[in-house]
Every structure is written in C-alpha cells, then in structure tokens.
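These notes concern the structure reproduced below.
Numbering (UniProt numbering), first residue to last: 1 to 145.
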C-alpha cells in the first residue's frame, strides 16, 4: 500500500532496550510496535478501550492471528513511522494492517486479526455498530467487508 492510504501513523524512536547485540531490533519488539499503533489508532478514531467496547457493548476484542513480513531491519536510534489502518471488517473480525518505515524505506508489513467476542464465553460476537461506523468514517480507504 502507499503511505497515503494510511490516515493514521505513530512516530517511534528505537530504544537501546529493543535491540540485540548487533544493534538490530529484536524481532518480537515489532509486535509491540504494532500494538502501540493499534492503541493510538483507537484513540484517533475516538474509541476509548475498554469503555466504548467492553463496558458499552459487552464485547471484548481478542487477537487471534498476527503476522509480520520483514523487508529490512530497524536499528538502535532509528526514527520510525508506524502506519496503521483497518483493512477489513467482517461480522466479528477485523484485520488491522501495519507498515513500518524509516524515512521512505519500507521495513515491516504486519497484519493483526482481532475478533469481537463475549468476554465470558470467548465466543465470537458481532462488531458493535458504533465501532464499525467510527472506523468507516475515519479511514481514507474504506475497509473491505
């Protein structure tokens, strides 16, 4: 995707505690970077978690799959841009796509699949209409159905 397809982005500077002895970001930290992007995405869209999901609608959001594709390595003290968007909204599932850049260099592509579910039974439940509307109104490229 083009950077312009992502309305949401978060700046992040790689910290010393996130790199291995070669000064390259340890692979598991990229999932933390994705989570930072998702957390800020909800804030930007205007959805407070858990208030506007769990407390208001009685559903929670669970990660069921996460994938990362590595194109190049980030290193200590790099300034990164983490771009995120909701690429697909199903009945109960959401696909969040992440791309990480150092300047114009594309480093990482990630996808995280979330499922709305009843918190007690962990059985899937429909995405609340208010959540769906806020996401649809926010995105530059509308999520696939």
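Backbone N, C-alpha and C define an ideal beta-carbon position, used for all residues, glycine too.
From a predicted model like this one, the values you see are computed outputs, not experimental measurements.
What residue from the options has the CA that sits closest to residue i's CA?
i	options	result
residue 73	29, 112, 10	29
residue 96	82, 105, 106, 104	82
residue 70	53, 105, 136	105
residue 124	136, 59, 102, 144	59
residue 56	127, 38, 145	127
residue 24	3, 31, 14, 33	14
residue 80	103, 138, 64	103
residue 98	27, 129, 41	41
Using the Cβ count rule (16 or more neighbours within 10 Å means buried), how would you classify residue i?
i	result
residue 146	Nothing can be reported for residue 146, as the shown portion of the chain is limited to 1 through 145.
residue 11	exposed
residue 100	buried
residue 110	buried
residue 19	buried
residue 64	exposed
residue 6	buried
State yes or no: is the C-beta of residue i within less than 8 Å of the C-beta of residue j?
i	j	result
residue 147	residue 131	In the structure as shown, the chain begins at 1 and stops at 145. Residue 147 is therefore absent and cannot be evaluated.
residue 8	residue 85	yes
residue 68	residue 108	yes
residue 143	residue 87	yes
Assuming residue i contacts residue j under a Cβ cut-off of 8 Å, what Cβ separation, rounded to an integer in Å, is found between them?
i	j	result
residue 16	residue 62	In fact, because the Cβ distance is near 32 Å, the residues do not count as touching under 8 Å.
residue 138	residue 45	5 Å
Three or more C-beta pairs under 8 Å: does that hold for the stretch 80-98 against the stretch 113-120?
yes
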